[in-house]
Amino acid sequence: MSATEIKFAGLGGQGVILAGIIIGRAASIYENKYATLTQSFGPEARGSACSAQVILSDEKILYPYVTRPEILMALSQEAFNKFLPETRDNAIVIIEEELVRPKGLKSGMKVFGIPATRLAEELGRKMILNIVMVGFFTAVTRLIDYEAVKEAVKASVPHGTEHMNLRAYERGYEYGQALL
Amino acid sequence: MKADPKGVLTGAHFLDGDHACCEGALSAGCRFVAGYPITPSTEVVERIAARFPSVGGMFIQMEDEIASSIAIQGAVWGGAKAMTVTSGPGLSLMMEHVGLAAMLETPCVFVDVQRSGPSTGLPTMPAQGDMMQARWGSHGDYEIIALCPNSPQECYDLTIAAFNLAEEYRVPVMLMMDECVGHMTEKVIIPKAEDIEVTPRRYTTQKPGKYLPYQAGRSEIPLMVKAGDGYLFHVTGLTHDERGYPAMNAEAHDRCVRRLVEKIRNNARRIIRLEETDTADAEVVVVSYGITSRVAGKAIQMARADGLKVGHLRLITAWPFPEKRLRTLASHVKAFVLPELNFGQMFLELQRVIEGKSSCYPVPHAGGTVHEPEAIYQRILYAARHSRLKDKKEVAR
Amino acid sequence: MSRVNPVNQYLRMDRMPHIWCSGCGLGTTVNCFIRAIENCGYPREQISIVSGIGCTGRVAGYLKLDSFHTTHGRPIPFATGLKLANPKLKVVVISGDGDLFAIGGNHFIHAARRNMDLTVVCVNNFTYGMTGGQLTPTTPIDAISSTSPYGNFEEPFNLPFLAESAGAVYVARWTTYHVKQAARSIREAIQKNGLSFVEIISPCPTLYGRRNKLGDGLAMMKAFKENSAIVNGADTREVGLDFKGKIVCGKFIDREKPSFLDMYHTTMAERFGPFYEPYEGVQ
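Residue numbers (the numbering used here), protein chains in the order written: chain A, 1 to 180; chain B, 1001 to 1397; chain C, 2001 to 2283.
Here it is, written out as structure tokens:
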């Protein structure tokens, strides 16, 4: 892996920033990689579309922003529509398949869909859909070790919710494994 | 002296620069922060508000930046290590008290998470437009120290350095962050408390009655006292003598201000921190600081791939400016390129120092985002080409 | 044999003579303040004094205490930081009407709102003396100043009412004629927990008095005596000052409210439970 540019996008409240933080934390703290996370701030980042951008690399990261994502994770149609054009032609596109209809894909793109909201609800809380997505992301991209991300999930969620979040992580991971 | 373990979150963290700055302050022994929320610095005080009560610290959100910038000075004279945190518009309001801190020689830290200006500008986007304000913003002659972190790790490290320098030289120290490093999240390693060097306040050992607040001695830096210790001392923002009493004449003013300036200028060599890469045989040297240094690093990689001899000099301290080092480099470097997120602030300083010995090229940018590495790369190419032409002319002559 | 004036030990005699004009009320105020701290029960090492800029701003420089001469309008936030860094200190702000209520007005109302444990003494001479007698936020209507040469037409602040409204726990007003009462009020104010406020109406014969044909210092003091009425507990809404009108003096407010630090302790003790170590400053 030289450098991989990833965009996590969705609606405010879906936990997309936390999803990016978990992946960045997993790579930089629990694997010996470099990770840089940036996010869009400001009134436009509240409520509606929001996104986190993560660069993962084996070398020190200089330029901090993502310009042409190789992986796009989209949790809302709006986010998908907004960020698809800048995404690379051969990108991996990861979507919440009941919230996003993947229209206008470029020919080289690989799409992986998961009904993360429904799976999260089955586990007891709709709020943990982002962690289901993190598990799914880990399985289908194989960028970061399963255990490293698991540790990052534990370290990133509120105290007392680790168990539920780890179940969500595993559920997403299994779902992704089954697709491969 | 080693850090107090109570405030030190030893370990590897995934933190943004604002939060790392808070942790740096805690490691440095800062236990008083007064601030007023302003994007993009607010996350610093938010974390401080959450962290301080459990480590014996006090955070107060003041009514404005003017109040914040003097409340910290009251706290310092009460015995605390203190800082305030702001962004450009707030720093503008604090300027009178940067001057007060310089005049009273109050050791304290001003953190400026720079955003694009002037005025309200682009609150959520980066710039480096406060560099000259940090240096010259208050009236009169004085010196400050300014540090420029380029990563969350450095936001942590240089916050500690800022406190240590403030204590060592009794001077306000500016930590010149920007929105990009402030809001960027990366790995931050916080060492064990016993591995963190912290400069304690230097108090006088003289008895009350003997002690003179501004008797500096050969070190040029007077020793402090704090309120409540029985010294019954006086300090004033007026020009003062060694007793701290107002001294309203030109001779006293020269003595007073000359020392404020010289205690930094004469110690510049010890204060200045630079990071140099491949400058020894470079034809072109890129001078950069803060977030721009990383983008410049990328551009330099591109230029080296073309076979160009390009060096990099990163200003970790922007003020005092490394005049001597740059003059030395100018004797063998054909051209300097200075990219920054403003229309040429540190560039003016570079030009002044180089005195025409080498060519200097700015890469100005109004801010709102960082440079495209391509823009800096193109400038390096241009500088290299242009300087060679100039050389040939010189040879022909 | 000459006896040394007992107040001298509280003054920086090496800075005498002072810069104040003859007939100015500041000397009297400093005298009242020294009597107050002599009897307040705190050792002088524990008392800090903070001033802003102006004639009254110079008070800090003449008092032999830990004393801070800060910037124009900002003694209150400086004092706030000092007090919070070392809550054992008794911190007193002495400054003028222009310093505290024009440029520094915002800091005063917020210190009162927070009930910061400070004593604020405002020497109100209705003008900026140091700079030649300009209009301040307490200059009465019709009074002449160098920047209101045709008479002031702006409504002035009623300082006790402002202090009470903003949350001060102790509010009193005296003139420099009422030395005993003023000294007592300053002492009570220092002993009070929370933001205490004492207004001292003071003559500026050189500028305000001369421009408004109020006579010399003595004549102005005489006017204070004749025009004042002591109404302890007066409704502060009724104590606004008119040009040459009645000056209502007295202790208007003396109430109990938890201070900023009391509230801080309560909140953090509740939040952190047995893990809370009471904040005692940063020493």
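Ideal Cβ positions, reconstructed from N, Cα and C, are used throughout, including at glycine.
In this model, Gly-2167/C and Gly-2194/C are separated by some 9 angstroms (Cα to Cα). Of all residues in the segment 162-178 of chain A, none has a C-beta nearer than 8 angstroms to a C-beta of chain B. In the DSSP assignment, Asp-1112/B falls within the beta strand (DSSP E) that extends over 1108-1116. Of Ala-27/A, Arg-118/A and Pro-64/A, the smallest CA-CA separation from Leu-75/A is found for Arg-118/A. For Phe-1321/B, the CB contacts under 6 angstroms within the same chain, skipping 5 residues up- and downstream, are Glu-1349 in chain order. In this structure, Ser-1358/B sits near Ala-1335/B, with a CB-CB distance shorter than 8 angstroms. In its chain, beyond the 5 residues on either side, Gly-1007 have a beta carbon closer than 6 angstroms to the beta carbon of Leu-1026/B. Collapsing the DSSP output to three states places Glu-5/A in a strand. Chain B has no Cβ within less than 8 angstroms of the Cβ of Gly-10/A. In the DSSP assignment, the residues bridged to Lys-1187/B are Phe-1014/B. With respect to chain B, the C-beta atom of Ile-128/A has no partner C-beta closer than 8 angstroms. Around the beta carbon of Val-140/A, 16 or more other beta carbons lie within 10 angstroms, which makes this residue buried.
Chain C has no Cβ within less than 8 angstroms of the Cβ of Val-1085/B.
At least one beta carbon of chain B lies nearer than 8 angstroms to the beta carbon of Ser-28/A. Close to chain C, meaning a Cβ-Cβ distance shorter than 8 angstroms, are the following residues of the segment 1204-1237 of chain B: Lys-1226, Ala-1227, Gly-1228, Asp-1229, Gly-1230, Tyr-1231, Leu-1232, Phe-1233, His-1234, Val-1235, Thr-1236 and Gly-1237. Closer than 8 angstroms at the C-beta level to chain A, one finds these residues of the segment 1267-1299 of chain B: Ile-1291, Arg-1294, Val-1295, Gly-1297 and Lys-1298.
Close to Cys-1180/B, with beta-carbon spacing below 8 angstroms, are these residues of chain A in chain order: Thr-38 and Pro-64.
If you look at Arg-2173/C, you'll find it in the beta strand (DSSP E) that goes 2170-2175. Exposure of Glu-1262/B is indicated by the presence of fewer than 16 other C-beta atoms within 10 angstroms of its C-beta.
When CB distances to chain B are screened at a threshold of 7 angstroms, the residues of the segment 2097-2129 of chain C falling below it are Asn-2106, His-2107 and His-2110, in chain order.
Near chain B, meaning a CB-to-CB distance below 8 angstroms, no residue of the segment 129-143 of chain A qualifies. With a 10 Å radius around the Cβ and a threshold of 16 neighbouring Cβ atoms, Gly-1029/B comes out buried. Taking 8 angstroms as the cut-off, the beta carbon of Leu-1326/B is found no closer than this to the beta carbon of Val-1363/B. At a beta-carbon threshold of 9 angstroms, the residues of chain A lying near Val-1370/B are Tyr-63, Pro-64 and Tyr-65, ordered along the chain.
Straight through space, the alpha carbons of Gly-1209/B and Tyr-1231/B are spaced by roughly 7 angstroms.
Take Arg-2187/C, set aside five residues on each side of it, and the residues of its chain with a beta-carbon closer than 6 angstroms to its own are Ala-2036, Asn-2039 and Cys-2040, in chain order. At a C-beta separation below 9 angstroms, Arg-25/A has these neighbours in chain B: His-1013, Phe-1014, Thr-1185 and Lys-1187. About 26 angstroms separates the CB atoms of Pro-115/A and Arg-88/A; that is not less than 8 angstroms, and the two are not in contact.
In the DSSP assignment, Arg-1314/B falls within the beta strand (DSSP E) that extends over 1310-1315. Assignment of beta-bridge partners to Glu-2154/C by DSSP yields no partner. Among the residues of chain A, those whose CB is under 7 angstroms from the CB of Pro-1373/B are Tyr-63, following chain order. Counted as a single uninterrupted DSSP element, the alpha helix (DSSP H) harbouring Tyr-2264/C occupies residues 2260-2272. Asp-2117/C sits buried, since 16 or more C-beta atoms from the chains shown fall within 10 Å of its C-beta. In the three-state reduction of the DSSP assignment, Asn-2124/C falls in the strand class.
Under the DSSP definition of a beta bridge, Lys-110/A partners with Ile-92/A. Annotation: the segment 1296-1357 of chain B contains the following complete segments of the beta strand (DSSP E) (minimum length 3 residues), in chain order: 1310-1315, 1317-1319 and 1335-1339.
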